[in-house]
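Each residue of the sequence shown is one higher than the one before, starting from 542 at the first, in full-length UniProt numbering.
This report refers to the structure that appears directly beneath it.
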Amino acid sequence: SAKSAGRKQFLFYSADIESKLQLHRMLEANLVDALANKAFEVFYQPKINVLDGKIVGTEALVRWRQPDGSLTNPASFIPLAEETGLIIPLGKLVLAQAFKQASVWQQQGFDLRVAVNISVVQFEDDNFLAMLDEIVRETGVTASLIEMEITESLLVKDVERVNSIFAALNTRGFRIALDDFGTGYSNLSYIKNFPFDVLKIDQSFVRNMLGSQVDQNIIQAIIQLAQGMNLRLIAEGVETIEHVQALQAMGCEVMQGFYYSPPLPLADFNRLLTRRISLPE
Ligand code: C2E
Ligand code: MG
Ligand code: MG
Ligand code: MG
Numbered sequence: 542s543a544k545s546a547g548r549k550q551f552l553f554y555s556a557d558i559e560s561k562l563q564l565h566r567m568l569e570a571n572l573v574d575a576l577a578n579k580a581f582e583v584f585y586q587p588k589i590n591v592l593d594g595k596i597v598g599t600e601a602l603v604r605w606r607q608p609d610g611s612l613t614n615p616a617s618f619i620p621l622a623e624e625t626g627l628i629i630p631l632g633k634l635v636l637a638q639a640f641k642q643a644s645v646w647q648q649q650g651f652d653l654r655v656a657v658n659i660s661v662v663q664f665e666d667d668n669f670l671a672m673l674d675e676i677v678r679e680t681g682v683t684a685s686l687i688e689m690e691i692t693e694s695l696l697v698k699d700v701e702r703v704n705s706i707f708a709a710l711n712t713r714g715f716r717i718a719l720d721d722f723g724t725g726y727s728n729l730s731y732i733k734n735f736p737f738d739v740l741k742i743d744q745s746f747v748r749n750m751l752g753s754q755v756d757q758n759i760i761q762a763i764i765q766l767a768q769g770m771n772l773r774l775i776a777e778g779v780e781t782i783e784h785v786q787a788l789q790a791m792g793c794e795v796m797q798g799f800y801y802s803p804p805l806p807l808a809d810f811n812r813l814l815t816r817r818i819s820l821p822e
């Protein structure tokens with residue numbers, strides 16, 4: 542075509558870039574279709590208090606159901622959804638389902654915090670708070686049951702703006718968790734200045750802790766930091782009983798990971814909640 546002929550005049554043209562662009566456009570079109578066709582599902586992974594084995598919370602994690610029934614994990618579509626802005630409607634869908642579910646569990650008598658991941662792009666959307674208010678109105682959820690998981694990358698943005706949104710979230714009763722803690726910009730003054738409720742120890746430290754004294758020391762330092770600042774603490778990526786024991790010995794009581802359960806479809810998570818499936822001891 543004339544267009545591709547034009548492109549060929551560029552010195553930098555390469556078939557490789559062209560095919561990447563095509564793949565990118567195809568995936569974007571697929572994302573748009575998937576939103577229209579309700580192909581996104583929310584899975585739930587339990588958070589366990591290891592002292593009594595109770596499920597104290599759950600993290601909502603989005604999955605993309607393909608026409609053949611298989612599932613695509615967020616790592617392969619969230620970055621593009623962020624780049625294209627599609628994360629806004631996609632994120633809204635996840636929030637709406639998670640809020641609705643939190644409200645249902647509350648009515649059923651479960652004491653469960655529900656965590657939702659919020660990407661920087663969602664957080665920076667001017668309509669973010671209004672959208673949350675709308676979903677709260679529609680679902681009747683108690684805001685204090687909802688935990689927004691954000692990452693350190695947000696904190697290097699416009700600090701005043703971020704702070705005013707945190708304040709607005711706090712006023713509404715939402716909780717804020719710092720996800721993947723220790724992997725980002727790690728300026729500890731952030732922790733002092735922003736109103737977090739929860740620190741999540743990143744799974745990379747947990748993965749390496751048994752073979753690495755350094756990773757173990759980092760975890761110990763994070764635990765002390767959380768205790769000193771009166772923050773709740775959770776470890777993610779807990780895969781083995783050895784992880785559980787080591788973390789517990791260091792003073793961490795709430796855990797999330799494959800050792801207990803992978804993220805589950807809602808129906809399966811509900812069976813876990815009502816103990817028609819049991820967790821490891
Ligand atoms: P994250 O928030 O740090 O979520 C934890 C990830 O670790 C999840 O991957 C979860 O399935 C996985 N995981 C849980 N336990 C274990 C374990 O024991 N071992 C290992 N190796 N992995 C474990 P997932 O679901 O693929 O999500 C990846 C990331 O995508 C999330 O990281 C989050 O940043 C993002 N994400 C997921 N759902 C949403 C969403 O609805 N909205 C936004 N904005 N981001 C999302
Ligand atoms: Mg998370
Ligand atoms: Mg994480
Ligand atoms: Mg992450």
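Note that beta-carbon positions come from the ideal geometry of N, C-alpha and C, so glycine has one too.
Only a predicted model underlies this, so the values are computations on that prediction, with no experimental measurement involved.
One thing to note: L805 has its Cβ no nearer than 8 Å to the Cβ of F651. In this structure, I732 sits away from F746, with a CB-CB distance that is not shorter than 8 Å. If only complete runs of 4 or more residues are kept, the region 624-690 shows the alpha helix (DSSP H) at 628-648, 661-665, 669-680, in order along the chain. Distances taken from the Cβ of E624 to the heavy atoms of ligand 2 include none shorter than 7 Å. R716: member of the beta strand (DSSP E) spanning 716-722, first to last residue. Annotated three-state conformation of A580 is coil, per DSSP. Taking 7 Å as the cut-off, the C-beta of V779 counts as close to a heavy atom of ligand 1.
Annotation: D809 to I629 spans about 27 Å, alpha carbon to alpha carbon. Annotated as proximal: T781 and Y800, with beta-carbon spacing under 8 Å.
The beta carbon of R713 sits closer than 6 Å to those of A684, all from its chain and outside the five residues before and after it, given in chain order. For E675 and V661, the gap between their C-alpha atoms comes out near 20 Å. Shown here, V755 sits in a helix according to DSSP, grouped into three states.
Between Q797 and the set N811, G598, L621, the nearest pair of CA atoms involves G598. Listed in chain order, the beta strand (DSSP E) elements of length 3 or more contained wholly in the region 792-820 are 795-797. With fewer than three CB-CB distances shorter than 8 Å, the region 558-572 does not count as touching the region 775-794.
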